[in-house]
Amino acid sequence: MSQNFRLPTGGRVNRAKTINFTFDGRRMSGLEGDTLASALLANGEHLAGRSFKYHRPRGILSAGAEEPNALVGVGADEGHYSPNLRATQVELFEGLVAESQNRSPSLRYDWAGVNNLIWRFIPAGFYYKTFMWPRGAWTKFFEPRIRAMAGLGRAPRAPDATTYAQRYAHCDVLVVGAGPAGLAAALAAVQGGQRVILCDEQNELGGSLLSETDAAIDGIPAVRWLSETIAQLRSAGSVQILTRTTAFGYFPHNMLGLVERLTDHLPGAASGPRERLWQVRAKQVVLAAGEIERPLVFPDNDRPGIMLAGAARIYASRYGVKPGQRAVIVTAHDSAYRAALALYQAGVGIAAIADVRANPQGGWVDLARKAGLPVRAGCTITGTSGRLRVTGADLAPLAADGTVGASERVSCDLLLMSGGFTPSVHLFSQSRGKLVYDEALGAFVPGAPAEDCWVAGACRGVSLLSEVLADGFAKGASAARAAGGGPVPARSFATTQAPATGGGFAGALPHGKNPASVRAFVDFQNDSTAKDIKLAISEGLRSIEHIKRYTTTGMATDQGKISNMNALGIATDVLARPIAQIGTTTFRMPYTPTTFGVFAGYARGDLFDTVRRTPVHHWAQAQGAVFEDVSLWKRARYFPLPGEDMHQAVARECRAVRAAAGIFDASTLGKIEVVGPDAAEFLNRMYVNAWSKLKPGRLRYGLLLREDGFILDDGVIGRMSDECFHVTTTTGGAARVLTMMEDYRQTEFPELKVWLTSTTEQWAVIALQGPKAREILAPFVEGADISHAAMPHMSVVECRVAGVPARLFRVSFTGELGFEINVPADYGRAVWEAIFAAGQPAGLVAYGTETMHVLRAEKGYIIVGQETDGTVTPDDAGLSWAIGKAKPDFVGKRALARAGMGEGVQRKQLVGLLTDDPQVVLEEGAQLVADPAQPPPMTMLGHVTSSYWSATLNRSMALALVKNGRARIGETLHVPMPGRVIRVTITGPVFYDAEGIKLDG
Amino acid sequence: MLLITCPFCGPRPELEFGYAGEAHVVRAQDPREVSDLQWTEYLYQRSNVRGVHAERWRHAHGCAQFFNALRDTTTDHFVATYRIGEPRPDAAVEAGR
Chain A
1 MSQNFRLPTG
11 GRVNRAKTIN
21 FTFDGRRMSG
31 LEGDTLASAL
41 LANGEHLAGR
51 SFKYHRPRGI
61 LSAGAEEPNA
71 LVGVGADEGH
81 YSPNLRATQV
91 ELFEGLVAES
101 QNRSPSLRYD
111 WAGVNNLIWR
121 FIPAGFYYKT
131 FMWPRGAWTK
141 FFEPRIRAMA
151 GLGRAPRAPD
161 ATTYAQRYAH
171 CDVLVVGAGP
181 AGLAAALAAV
191 QGGQRVILCD
201 EQNELGGSLL
211 SETDAAIDGI
221 PAVRWLSETI
231 AQLRSAGSVQ
241 ILTRTTAFGY
251 FPHNMLGLVE
261 RLTDHLPGAA
271 SGPRERLWQV
281 RAKQVVLAAG
291 EIERPLVFPD
301 NDRPGIMLAG
311 AARIYASRYG
321 VKPGQRAVIV
331 TAHDSAYRAA
341 LALYQAGVGI
351 AAIADVRANP
361 QGGWVDLARK
371 AGLPVRAGCT
381 ITGTSGRLRV
391 TGADLAPLAA
401 DGTVGASERV
411 SCDLLLMSGG
421 FTPSVHLFSQ
431 SRGKLVYDEA
441 LGAFVPGAPA
451 EDCWVAGACR
461 GVSLLSEVLA
471 DGFAKGASAA
481 RAAGGGPVPA
491 RSFATTQAPA
501 TGGGFAGALP
511 HGKNPASVRA
521 FVDFQNDSTA
531 KDIKLAISEG
541 LRSIEHIKRY
551 TTTGMATDQG
561 KISNMNALGI
571 ATDVLARPIA
581 QIGTTTFRMP
591 YTPTTFGVFA
601 GYARGDLFDT
611 VRRTPVHHWA
621 QAQGAVFEDV
631 SLWKRARYFP
641 LPGEDMHQAV
651 ARECRAVRAA
661 AGIFDASTLG
671 KIEVVGPDAA
681 EFLNRMYVNA
691 WSKLKPGRLR
701 YGLLLREDGF
711 ILDDGVIGRM
721 SDECFHVTTT
731 TGGAARVLTM
741 MEDYRQTEFP
751 ELKVWLTSTT
761 EQWAVIALQG
771 PKAREILAPF
781 VEGADISHAA
791 MPHMSVVECR
801 VAGVPARLFR
811 VSFTGELGFE
821 INVPADYGRA
831 VWEAIFAAGQ
841 PAGLVAYGTE
851 TMHVLRAEKG
861 YIIVGQETDG
871 TVTPDDAGLS
881 WAIGKAKPDF
891 VGKRALARAG
901 MGEGVQRKQL
911 VGLLTDDPQV
921 VLEEGAQLVA
931 DPAQPPPMTM
941 LGHVTSSYWS
951 ATLNRSMALA
961 LVKNGRARIG
971 ETLHVPMPGR
981 VIRVTITGPV
991 FYDAEGIKLD
1001 G
Chain B
1002 MLLITCPFCG
1012 PRPELEFGYA
1022 GEAHVVRAQD
1032 PREVSDLQWT
1042 EYLYQRSNVR
1052 GVHAERWRHA
1062 HGCAQFFNAL
1072 RDTTTDHFVA
1082 TYRIGEPRPD
1092 AAVEAGR
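Just so you know, the protein sequences line up as chains A and B, in that order. Residues in the first sequence are numbered consecutively from 1, following the numbering used here. Residues in the second sequence are numbered consecutively from 1002, following the numbering used here.
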């Protein structure tokens, strides 16, 4: 097809450069500088999509970000496919592949178009009403059908093949929008000596000036003024200019989110990121976001070929495209006359200008009349004809009292409408600035700002070019001054005086037909009509927020850019309350749809989240360890031999530790060095235990509560010297514990001389456990006697292990003779490998976290977060022996004295469980009851906290929290599970070596 | 993202900070002296104000210090930030300057 609707001259397209593209597989061509929409129109194509609910054929309505209809999927392959792009914003490039959406099998023949015939049965809110049917009707009938029928684009079928960048930026003045107001603001801010960022969503700066063919500014044509101004800004050196960059969100304290589109407009496989997220913190912001034209609401106002008047003018003057042969214009605003004149000069026949106002007057009206265009004052539109393209408009006289006369069909292939303009207050409103309703303008405009921002030009209702420029300059100067710049003298801009414009209409036009029989669309993208809004109000919804949600008006991807004011206008008519009282719905980010990719940025794949690896990680990996995630750490869970499953591997590891020795990587334990003259006193106040009398060289199990008396963390603490403690925490609790300690140190006990340092990453911790642990370790130790007499259980010594300085702990989390060897992290792997090799003749095995869990559970040692859940006291966990009873205070002590926390209350207590059938392993989290025959709701006595197969006992075992559990030892309880009830006997929580003999080997 | 003025380091983005709850909730000098009810209030009762709220922040990824701030919960604007131990600045005076 060959651009039959391209004008012979004019526009900013490059006529020397033809661009080939496909739309729904059809090959077409356009010119460099086209958007997909302008190229389609140049080829005479208005039909661009099917509507969301009724599958009505829809055409290109606008020429910008507000486009509700012409949504397309773009991308040559699935890895580069993006759905729901506005054809009006997609830049044309060689080889562009675009497809229409929500149609099957094709745009012209869509079987779901049947929805358009049954529309009476699917009014607003029908979706909610389907919930009133039995549940089966929703899940089996309504939901699958609604999902199949409704919708916009489809998700890509392959992962995103592109990359995204992110950066932060600071500036003195951020100017959003580079139309005349924004450009003038940037000029002023630069003159005030400020660092400026100027961004605009389009491919080139200029905004409305890009389609300005008449005006001159300061004596030169507007387009020349534009290029000179851009050159001036570029040469200033203090302006960062960002094109193809949408300011999508206004966040607190003058931070704005911008998305810069870097490669989507380039042909072929682009190098570098597709988009860049800018998070800009600006001292001052100037919003110059412009305005958006409103459609008129009349029956069948949505056929292809029906367009906003201003958009048609942009296509003619900026893109050199004739959007039709014969146009009817329906308007309530003077600007449509300007569009009519522009199209008339481009060779479009003007069949009629129907103005709903009784007596339109003004410069543009006069010019149109002078040109001989047929103006019909006091004229409305009652309907349209045509299926895939509009073929006629029904125009009828509109009397002052609102009665509509007999209609006359006027044939046309282009129907333009203008209901006036809505200032783009989205970002201002997002910043929590108050909007005020301007009666004269018929629009919400920015009122008092909540942030350091200034609003300039059309987005606050200024429309005349000379005033827009002056307003922009003044706001730019104010922003520069407020940001700390020098004063900038006021500047005026001489423009050839284009006539002023006025007028506007919000609501539904009178049409004189039975309202039940027509559909006049308000929200094109969500297919909601004037009738839907009236229905919502008649069903009792009053708040505009409720009406919005019930009818979904304004809830599509365009967020009601063109529809909100008309919806308000209809509501104000029906409710007989002024718009100012009804108010407007809340504007939310993003201004236009934004890719998930740009938010994810670099955080994908391996970089999705921080991964912490121990010094022994790669050794374990080479041994074939299976890893699990514990907070951000990767921990070896078990080390399977060839052919072993987890159960077999864990059973083998457990037997080896109990019979010989095992080596375990405990480097992930949190470690905090607590140092200072008051270190012991500080720990006295933090932990439940008494620390003052702990001698250097000794270890103690420490228990940490929250101030409410419940267990927060635990760990072994070693006293290295009078003033130095080596504190260990749980793997997941390290940061939490340090933060809490710092909090008390800084804010509650500032008088204590104590310093806290995280040393988690500094130490590798090698646990060597089992009856042969000492004989394996002994040859490596220099400078210490590790015999039982010299180094009993719960002691620590500084020495050298394998030649490396070490803090050697004699400690056990398995119940066996054990050591934990702390060495500087960089030596961790070398020491580990040396010990592992030397231990092989003795039967040493590496074991993982699963075996560690089984072995500690056999001993009844708790895991914080497994046996505890934030409601467990020390006594509940059987740990009241740890509490230093003589201490006046520690964190949580006062709470333990509250009623309900201690004696005389049937609290849940830690016990052991043995199933009657030793082969049955309970599920962790399973509930315990006394009477399995009790009808629900059953009396639940507690739950299983840990449950394992024990190779040592050759049977299953479990730990549980059970109400009054210690008094129930010996009792039988029941665990109801799907299809069966499991009988269990309550025991003490220690299943292995209750006397603790094995701790000494 | 909020811009928070650490009293030690100056204005920094919210990312560097951790929130630490209401400020000026006093832990009794000797908790044994207070009643169960008073302790319960210390543990759980918070003012949840609409308007200027005194709260604690920690410059976790900076100087690691806790400090106090007055923030208007209706606007998210900070009225003042000040060091632990300093008295709460008069909110009205701060707001007016």
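Using N, Cα and C, we set each Cβ at its ideal position, and we do this for glycine too.
Bounding residues of the beta strand (DSSP E) (the contiguous stretch that carries residue i)
{"i": "D82 of chain A", "result": "According to the sequence displayed, residue 82 of chain A carries Ser and not Asp. That run of the beta strand (DSSP E) goes 82-86."}
{"i": "A371 of chain A", "result": "Where A371 of chain A is concerned, there is no enclosing beta strand (DSSP E), given that its DSSP letter is neither H nor E."}
{"i": "V285 of chain A", "result": "275-287"}
{"i": "N1069 of chain B", "result": "1067-1073"}
{"i": "I329 of chain A", "result": "326-331"}
Host alpha helix (DSSP H) of residue i (start-end)
{"i": "S235 of chain A", "result": "222-236"}
{"i": "C654 of chain A", "result": "646-659"}
{"i": "H1054 of chain B", "result": "Unbroken run through H1054 of chain B is the beta strand (DSSP E), 1053-1059; no alpha helix (DSSP H)."}
{"i": "Y337 of chain A", "result": "335-345"}
{"i": "L768 of chain A", "result": "That residue, L768 of chain A, is in no alpha helix (DSSP H); its beta strand (DSSP E) goes 763-769."}
{"i": "F1018 of chain B", "result": "Element bounds for F1018 of chain B: n/a, residue is neither H nor E."}
{"i": "V574 of chain A", "result": "564-575"}
{"i": "Y127 of chain A", "result": "126-129"}
{"i": "T739 of chain A", "result": "734-743"}
{"i": "S317 of chain A", "result": "309-319"}
Beta carbon proximity, residue i to chain B, threshold 8 Å
{"i": "M589 of chain A", "result": "no"}
{"i": "R432 of chain A", "result": "yes"}
{"i": "A188 of chain A", "result": "no"}
{"i": "P446 of chain A", "result": "no"}
{"i": "M686 of chain A", "result": "no"}
{"i": "R907 of chain A", "result": "no"}
Any chain A beta carbon closer than 8 Å to residue i
{"i": "A1040 of chain B", "result": "Here the sequence assigns Trp to residue 1040 of chain B, which means Ala is not the residue at that position. Interface residue, yes."}
{"i": "D1037 of chain B", "result": "yes"}
{"i": "A1070 of chain B", "result": "no"}
{"i": "R1033 of chain B", "result": "yes"}
{"i": "D1077 of chain B", "result": "yes"}
{"i": "R1098 of chain B", "result": "For R1098 of chain B, the predicted model reports a pLDDT of 46, less than 50, meaning its position is unreliable; a value from the coordinates is still stated below. For R1098 of chain B, the answer is no, since every Cβ of chain A falls outside 8 Å of its Cβ."}
{"i": "Q1066 of chain B", "result": "yes"}
{"i": "R1013 of chain B", "result": "no"}
{"i": "R1047 of chain B", "result": "no"}
{"i": "R1051 of chain B", "result": "no"}
Proximity of residue i and residue j at Cβ, strictly below 8 Å
{"i": "A530 of chain A", "j": "I562 of chain A", "result": "no"}
{"i": "V811 of chain A", "j": "V716 of chain A", "result": "yes"}
{"i": "R658 of chain A", "j": "T952 of chain A", "result": "yes"}
{"i": "A53 of chain A", "j": "L31 of chain A", "result": "Correcting the residue type first, residue 53 of chain A is Lys in the shown sequence and not Ala. Not a contact, by the Cβ cut-off of 8 Å."}
{"i": "H943 of chain A", "j": "G925 of chain A", "result": "yes"}
{"i": "Q101 of chain A", "j": "G64 of chain A", "result": "no"}
{"i": "P593 of chain A", "j": "G249 of chain A", "result": "no"}
{"i": "R898 of chain A", "j": "D1073 of chain B", "result": "no"}
Neighbour flag for residue i against chain C, beta carbons, 8 Å
{"i": "A895 of chain A", "result": "Reference to chain C is not applicable here, since the protein chains of this structure are A and B."}
Per DSSP, the bridge partner or partners of residue i
{"i": "T592 of chain A", "result": "Per DSSP, none; premise fails for T592 of chain A."}
{"i": "T1006 of chain B", "result": "B:P1012"}
{"i": "E408 of chain A", "result": "A:L395"}
{"i": "Y638 of chain A", "result": "A:V626"}
If you measure beta-carbon to beta-carbon, which residues of the region 737-757 of chain A are closer than 8 Å to chain B?
Answer set for the region 737-757 of chain A: T739, E742, D743, Q746, T747, E748, P750.
Interfacial residues, the region 877-895 of chain A to chain B, with Cβ spacing under 9 Å
P888, D889, K893, R894, A895
Which of the residues in the region 698-711 of chain A, read from start to end, lie with their CB under 8 Å from any CB of chain B?
E707, D708
So if I threshold CB-CB distances at 8 Å, which residues from the region 488-517 of chain A count as touching chain B?
Taking 8 Å as the Cβ-Cβ cut-off against chain B, none of the residues of the region 488-517 of chain A qualify.
Anything in the region 233-258 of chain A with a Cβ closer than 9 Å to a Cβ of chain B? List those residues in chain order, please.
F251, P252, H253, N254, M255
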